[in-house]
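Take a look at the structure set out below.
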Amino acid sequence: MLSYLIFALTIGGIYALLALSLNLVWGSAGMVNLGLAGFFGVGAYASAIATGAGAPVVFGWGVAALAGVAVGLLVTFATLRLRDDYLAIVTLGFAEMVRLVALNERWLTKGADGISGIAAPMKAELGTSGFNLFYLAIVSAIVLGVWWMLTRLDASPYGRTLKSIREDQELARFAGKPVLRFKYEAFALSAAIAALAGALYAHFQSYFSPDHIQPLITIYIFLGLTAGGVGRPAGAVAGGYAVLLFIEATRFAADVMPGLQAVQVAAFREILIGAALLIVLHLKPKGFLPETMPKAPKP
Amino acid sequence: MTGALLAVPAIGFSAIFAVLRYPSFAIAGWVTLGAFAGWIANTKLGLPSYALLPVAFLAAGLIGGLVEDRSLRLLRPAGALTVAIGSIGLNIVIENIIRFFAGNDLRGFNLPLLPDWRFAGIRVGPQQVENLVMAAAIMVAVFLFLKFSRFGRGMRAVADNPDLARLKGIDPKTISFVALFLGCGLAGVGGVLIGLDTSIDPLTGYRVLLSVFAAAVLGGLGSIPGAVAGALALGIAEELALLVAPPTYRTGVGFVAILLMLTFRPRGLLGERAL
Numbered sequence: 001m002l003s004y005l006i007f008a009l010t011i012g013g014i015y016a017l018l019a020l021s022l023n024l025v026w027g028s029a030g031m032v033n034l035g036l037a038g039f040f041g042v043g044a045y046a047s048a049i050a051t052g053a054g055a056p057v058v059f060g061w062g063v064a065a066l067a068g069v070a071v072g073l074l075v076t077f078a079t080l081r082l083r084d085d086y087l088a089i090v091t092l093g094f095a096e097m098v099r100l101v102a103l104n105e106r107w108l109t110k111g112a113d114g115i116s117g118i119a120a121p122m123k124a125e126l127g128t129s130g131f132n133l134f135y136l137a138i139v140s141a142i143v144l145g146v147w148w149m150l151t152r153l154d155a156s157p158y159g160r161t162l163k164s165i166r167e168d169q170e171l172a173r174f175a176g177k178p179v180l181r182f183k184y185e186a187f188a189l190s191a192a193i194a195a196l197a198g199a200l201y202a203h204f205q206s207y208f209s210p211d212h213i214q215p216l217i218t219i220y221i222f223l224g225l226t227a228g229g230v231g232r233p234a235g236a237v238a239g240g241y242a243v244l245l246f247i248e249a250t251r252f253a254a255d256v257m258p259g260l261q262a263v264q265v266a267a268f269r270e271i272l273i274g275a276a277l278l279i280v281l282h283l284k285p286k287g288f289l290p291e292t293m294p295k296a297p298k299p
Numbered sequence: 001m002t003g004a005l006l007a008v009p010a011i012g013f014s015a016i017f018a019v020l021r022y023p024s025f026a027i028a029g030w031v032t033l034g035a036f037a038g039w040i041a042n043t044k045l046g047l048p049s050y051a052l053l054p055v056a057f058l059a060a061g062l063i064g065g066l067v068e069d070r071s072l073r074l075l076r077p078a079g080a081l082t083v084a085i086g087s088i089g090l091n092i093v094i095e096n097i098i099r100f101f102a103g104n105d106l107r108g109f110n111l112p113l114l115p116d117w118r119f120a121g122i123r124v125g126p127q128q129v130e131n132l133v134m135a136a137a138i139m140v141a142v143f144l145f146l147k148f149s150r151f152g153r154g155m156r157a158v159a160d161n162p163d164l165a166r167l168k169g170i171d172p173k174t175i176s177f178v179a180l181f182l183g184c185g186l187a188g189v190g191g192v193l194i195g196l197d198t199s200i201d202p203l204t205g206y207r208v209l210l211s212v213f214a215a216a217v218l219g220g221l222g223s224i225p226g227a228v229a230g231a232l233a234l235g236i237a238e239e240l241a242l243l244v245a246p247p248t249y250r251t252g253v254g255f256v257a258i259l260l261m262l263t264f265r266p267r268g269l270l271g272e273r274a275l
């Protein structure tokens, strides 16, 4: 039970990081990213390949973040001038492209077999349970760090500019803000966080394959962030952990109903997740920790 | 060839976009629903292939129209993106309800086996020709509907200028439902055409979703002739891509095509402005 809890909290932390990433690009800068799973995959593969070539794990995480930045800049460049609906379609396609490349470029990613034996830091020294606890501490510390950083960012003039771009980019441009630069930076930073989450996941599981780049992950994070509160880092963190709690709860809900086959259980759980997204959008579109807008100072 | 089959769900997607202004991800679910409705009519009731199309159209159109209208209507004031995200949730629900009852197995339609025809060394399957003819007939029917029927003209009016259409006494609620009925129904027909060509499973719709998007974007989002042109262009591009890339990258062609089109001609072949 304890090891299950530790496992769940670690994965919850990784979801929280993904939610923070989505919150930065969607909640703050107003650019939707349905390709979150793609950036997650890029980070996982980048770190797995780098450490597989002999680099230390921390270096691998750095490589993952840099790969995220590079790919994020590329995607931004390709989509910069697009309307919301186009951005949604293109980013969804991007995640599919990452999956296709991972599946087909066997020399780099080992194809459908996936990369196994990804280095787990300190696992030999700490033993399995010690490693799990140690890894939970690392992931939680990173979540806390990224959350603190993004909260500071939100409160800074930089964060306010991002939100002004979200509200009305023409107005922001009129006020002399370099809108394009802000968009590039926000998307790249967000992609780096998602890629880091992917790297953390890959080293925790010691295995990563194209099957992990599912659109379903992106949907989990949209559910978590919407329920938590779009536009507020604390909402993203809470939403990330809450969505994991919900996913695990559906596992128990499915256990209660006897006589279902494995595929029916999986289908039932996904129905609950899709329905939850619809319900949250209807009942709590601003989330449980809604964004707080400070009043404009009196002149 | 694949382009012509793809054109049918792409028209459905564009019809919904033109009137309701959001990209419906749930179209994937309606493709799958139509495919399964057709499969049941074919294998359980023994209907021949051409009779499956109206079955799939009505099943996907009625269920899809009602469900998508009811479940996403209240989200519309919050903006297109919110509705689109809601449609993603809806898509997961539909796909998994089908999976719950049908499982993940591949299913084929019960079709008569016919020998291939040969023209000057090229082999052509009679079923493929029949699919192509059916796809063409559906497209003609849709154009006639949009051009001459009351609802079709109403849809075009709302797509063109919703405020003016309302001023002229066109009820936006009715037209929204008609657009969803037509869009979801065409998606369902597309599912049958794809199923007749290959086989079906709960992911049938999701697998073509990106290609449907690509076709609609290539032709210009919201333009129905554009969706046809985009689907045909995409079908040709997918075949040509085989010359330079392995067939496993086939679904990636749509993505590359979208990016190229949006970079050089963002409004698509026949469509509106994207910026």
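Chains as they are written, first to last, in the working numbering: chain A, 1 to 299; chain B, 1 to 275. We put the beta carbon where it would ideally sit given N, CA and C, even for glycine. Given the structure is predicted, the values throughout are model-derived calculations rather than measurements.
- Just measuring C-alpha positions, the residue of Asp168/A, Glu170/A, Pro178/A and Leu171/A sitting nearest Tyr158/A is Pro178/A.
- Within its own chain, the residues whose Cβ lies closer than 6 Å to the Cβ of Phe13/B, once the five positions on either side in sequence are excluded, are Ile27, Val212 and Ala216, listed in chain order.
- Within the stretch 95-111 of chain B, Asn96, Ile97, Arg99, Phe100, Gly103 and Asn104 place their CB atoms closer than 7 Å to a CB of chain A, listed in sequence order.
- Under the Cβ criterion of 7 Å, Gln169/A is not counted among the residues facing chain B.
- For secondary structure counted as the alpha helix (DSSP H) over 4 or more consecutive residues, the stretch 164-229 of chain B holds these complete runs in sequence order: 172-197 and 204-219.
- Put simply, the CB of Val63/A is far from chain B, with every gap to its CB atoms at 7 Å or more.
- Put simply, of Ala41/B, Ile88/B and Gly79/B the residue whose alpha carbon is nearest the alpha carbon of Thr218/A is Ile88/B.
- At least 7 Å separates the CB of Ile236/B from every CB of chain A.
- Judged by their CB atoms, Gly268/B and Gly219/B are nearer to each other than the 7 Å cut-off.
- Taking every protein chain shown into account, the CB of Ala199/A has 16 or more other CB atoms within 10 angstroms, so this residue is buried.
- Per DSSP, the beta bridge partners of Trp117/B are Val124/B.
- In this structure, the alpha-carbon of Ile236/B lies about 26 Å from that of Leu82/A.
- The Cβ atoms of Glu68/B and Leu180/B lie closer than 7 Å to each other.
- Counting only runs of 4+ residues, the alpha helix (DSSP H) found wholly inside the stretch 91-146 of chain A occupies 106-109, in chain order.
- With a beta-carbon spacing of about 6 Å, Val19/B and Ile175/B fall inside the 8 Å limit used to define contacts.
- For the C-beta of Leu196/A, not a single chain B residue is nearer than 8 Å; the gap to the nearest is close to 24 Å.
- Against chain A, the beta carbon of Ser71/B has neighbours under 9 Å at Leu278 and His282, listed in chain order.
- The contact set of Gln264/A on chain B, defined by CB atoms closer than 9 Å, consists of Arg99, Phe100, Phe101 and Gly103 in chain order.
- By the criterion of a C-beta distance shorter than 7 Å, Gly117/A is surrounded in its chain by Ser206, once the five residues flanking it on both sides are discounted.
- As computed with DSSP, Phe208/A is found in a beta bridge with Ile115/A.
- When secondary structure is reduced to three states using DSSP, Arg107/B falls in the strand class.
- The stretch 159-211 of chain A contains, as complete alpha helix (DSSP H) runs of 4+ residues, the segments 169-174 and 179-205 (chain order).
- Looking only at Leu72/B, Asp171/B, Phe36/B and Pro246/B, the smallest Cα-Cα distance to Gly103/B is reached by Phe36/B.
- DSSP places Lys284/A in the coil class of the three-state scheme, outside both helix and strand.
- Of all alpha-carbon atoms in Ile273/A, Gly54/A and Ala197/A, the one lying nearest the alpha-carbon of Ser21/A is that of Ala197/A.
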